[in-house]
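S.K.:
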Amino acid sequence: MAKIIAFANQKGGVGKTTTCVNLCAALTLLGKKVLLVDCDPQGNATSGLGIQKNRSPNIYDMLIRDVPCEECIVRTKYGDLIASGRDFAAATVELIDRPQREKILYSALQRVYTEYDYIFLDCPPSLELITVNALAAADSVLIPMQCEYYALEGITDLISSIRICSSRLNSRLHVEGIVLTMYDARANLTLQVENELRRYLPDKVYRTVIPRSVRLSEAPSHGLPGIVYDKNNKGSRAYLSLAEEFLMKEKGKHSWQ
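Per numbering that gives the first Met the number 0, residue 0 is the first one in the sequence shown, and the count goes up by one each step.
#1: So, is G11 buried or exposed, given that buried needs 16 or more other C-beta atoms within 10 angstroms?
#2: Around the Cβ of N8, are there at least 16 other Cβ atoms within 10 angstroms (buried) or fewer (exposed)?
#3: Spatial neighbours of T180 within its chain, please: CB distance less than 7 angstroms, with the 5 preceding and 5 following residues excluded, ordered by chain position.
#4: In the DSSP assignment, the alpha helix (DSSP H) including D60 goes from what residue to what residue?
#5: By how many angstroms is the C-alpha of A184 removed from the C-alpha of S106?
#6: How many Å lie between A90 and L62 at the Cα?
#7: If you count every other CB in all the chains shown that lies within 10 Å of the CB of D37, and 16 or more means buried, which is it?
#8: List in chain order: all unbroken beta strand (DSSP E) runs of 3+ residues lying wholly within the stretch 79-164.
#9: Taking G35 and L48 to be in contact with their CB atoms under 8 angstroms, please state how far apart those CB atoms are, rounded to whole angstroms.
#10: Rounded to the nearest angstrom, what separates L248 and G42 at their Cα positions?
#11: For K102 and I95, I'd like the C-alpha separation in whole angstroms.
#12: Taking V174 as part of the beta strand (DSSP E), name the residues at either end of that continuous run.
#13: Grab the span of the alpha helix (DSSP H) containing A25 for me, first residue to last.
#14: Leaving out five residues before and five after I177 in sequence, what residues of the same chain have Cβ atoms less than 6 angstroms from its Cβ?
#15: Where DSSP assigns a beta bridge to V204, which residues make up the other side?
#16: DSSP state of A44, grouped into three classes?
#17: Can you find the residues in the same chain that come closer than 7 angstroms, C-beta to C-beta, to I50, ignoring five residues on each side of it along the sequence?
#18: How about N57 and Y238: do their beta carbons lie closer than 8 angstroms?
#19: Cα separation between R206 and R64?
#20: By how many angstroms is the C-alpha of A25 removed from the C-alpha of L223?
#21: State buried or exposed for G251, treating a residue as buried only when at least 16 other CB atoms are found within 10 Å of its CB.
#22: Which of the three DSSP states is assigned to E193 in this structure?
#23: Just curious, the alpha helix (DSSP H) that I50 is in, first and last residue?
#24: Between I161 and L196, is the Cβ-Cβ spacing less than 8 angstroms?
#25: I'd like to confirm something about Y199: is its beta-carbon nearer than 7 angstroms to some heavy atom of the ligand GDP, or not?
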């Protein structure tokens, strides 16, 4: 059965979607079966895997029109995808009056739960109803985080929200890990933020850090994950290392169990 992981950070521009897309692609290339669900109306994860935004059926059709999950999946070389687009922006309003509105995504994904190793949920950069749906569906949350002061402030609020969701909606939910993105070892602030995180959350921060990389930023315009667009780039190598570290942690958890 799949492990469902939400990629979340209420602060935008921290490399959340880039991390989700590249980790999905890296795990797929390593032989894992991964489904990426684009829960963000901006649809950046959709275009990042080379699929046109606003294709139909998509996540809007799945959640609002009750189209079966399996009919919304599009296959790519770098992982399967449930696409998003601008029509999904209205979903929050349309879900308000639905019964069990926080669990609609969870219920929809049950149809394909046994077909994947991992299901990744790329959340919008806010704590709105769609993000709550993702947290209610997920087993864990992976937090991409830029090494700056405001991000350090924001992560406290996010972890608090995860705990509230765990106590009220989804007792399985926990923090999978924190990935440091846009990392610049030359900046004192970067090192200070990293040291603070590793001191207070030593078991949650991945050893692998993702450096700033123009090539990673260019990749979506070509409809490719960064690790495919330029596999020798330092950012791409970092994401491949992150995938290996991710799997090693998973193996360690299973052996302990």
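For each residue, glycine too, the CB sits at the ideal point set by N, CA and C.
Note that this is a predicted model, so its numbers are computed, not measured.
M.R.: This is what the structure holds:
#1: The residue labelled residue 11 in the question sits at position 12 within the sequence shown. The residue in question, G11, is exposed, as its Cβ has fewer than 16 Cβ neighbours within 10 Å.
#2: Locating residue 8 in the sequence shown gives position 9, counting from the first residue. Burial of N8 is indicated by the presence of at least 16 other C-beta atoms within 10 angstroms of its C-beta.
#3: As a position in the sequence shown, residue 180 is number 181, starting the count at 1. Excluding residues within five positions, the ones whose Cβ falls inside 7 angstroms are V13, G14, T18, P143, M144, Q145, I209.
#4: Locating residue 60 in the sequence shown gives position 61, where the first residue counts as 1. Going by DSSP, D60 is part of the alpha helix (DSSP H) stretching over 58-63.
#5: Here the question's residue 106 lines up with position 107 in the sequence shown. Here the question's residue 184 lines up with position 185 in the sequence shown. Here the C-alpha atom of S106 lies approximately 43 angstroms from the C-alpha atom of A184.
#6: Sequence index remark: in the sequence shown, residue 90 carries index 91 (1-based). Sequence index remark: in the sequence shown, residue 62 carries index 63 (1-based). Distance between the alpha carbons of A90 and L62: 8 angstroms.
#7: Within the sequence shown, numbered from 1, the residue matching residue 37 stands at position 38. Buried.
#8: DSSP runs (the beta strand (DSSP E)) wholly in the stretch 79-164: 79-81, 117-121, 139-145.
#9: In the sequence shown, counting from the first residue as 1, residue 35 sits at position 36. In the sequence shown, counting from the first residue as 1, residue 48 sits at position 49. Correcting the residue identity first, residue 35 is Leu in this sequence and not Gly. Contact annotation, L35 with L48: C-beta distance approximately 7 angstroms; criterion of less than 8 angstroms satisfied.
#10: Here residue 248 refers to the residue found at position 249 of the sequence shown. Here residue 42 refers to the residue found at position 43 of the sequence shown. It is Lys, not Leu, that sits at residue 248 in the sequence shown. One alpha carbon belongs to K248, the other to G42, and they sit about 29 angstroms apart.
#11: Here the question's residue 102 lines up with position 103 in the sequence shown. Here the question's residue 95 lines up with position 96 in the sequence shown. C-alpha separation (whole angstroms): 12 angstroms.
#12: Walking along the sequence shown from the start, residue 174 turns up at place 175. Per DSSP, V174 belongs to the beta strand (DSSP E) from 173-180.
#13: Within the sequence shown, numbered from 1, the residue matching residue 25 stands at position 26. In this chain, the alpha helix (DSSP H) harbouring A25 covers 15-28.
#14: Here residue 177 refers to the residue found at position 178 of the sequence shown. Here the set comprises I142, M144, K203, V204.
#15: Sequence index remark: in the sequence shown, residue 204 carries index 205 (1-based). Paired residues: I177.
#16: Within the sequence shown, residue 44 is the residue found at index 45, counting from 1. Residue state, collapsed to three classes: helix.
#17: In the sequence shown, the residue the question calls residue 50 occupies position 51. Same-chain partners within the cutoff: V73, T75, L80, A82.
#18: Here residue 57 is taken as the residue at index 58 of the sequence shown, counted from 1. Here residue 238 is taken as the residue at index 239 of the sequence shown, counted from 1. By the CB criterion at 8 angstroms, N57 and Y238 fall outside the cutoff.
#19: Taking the sequence shown and counting its residues from 1, one reaches residue 206 at position 207. Taking the sequence shown and counting its residues from 1, one reaches residue 64 at position 65. Taking the straight line joining both Cα atoms gives about 42 angstroms.
#20: Mapped onto the sequence shown, residue 223 falls at position 224. Mapped onto the sequence shown, residue 25 falls at position 26. Spanning the two alpha carbons is a distance of roughly 12 angstroms.
#21: Sequence index remark: in the sequence shown, residue 251 carries index 252 (1-based). Exposed, by the Cβ-count rule.
#22: Position 194 of the sequence shown, counting from 1, holds the residue named residue 193. Residue state, collapsed to three classes: helix.
#23: Stepping through the sequence shown from its first residue, residue 50 is reached at position 51. Following the DSSP letters along the chain, one finds I50 in no alpha helix (DSSP H), marked with neither H nor E.
#24: As a first step, residue 161 is located in the sequence shown; it is residue number 162 there, counting from the start. As a first step, residue 196 is located in the sequence shown; it is residue number 197 there, counting from the start. Result no, Cβ atoms of I161 and L196 do not sit closer than 8 angstroms.
#25: In the structure on display, the ligand GDP does not appear, and there are no ligands present to speak of.
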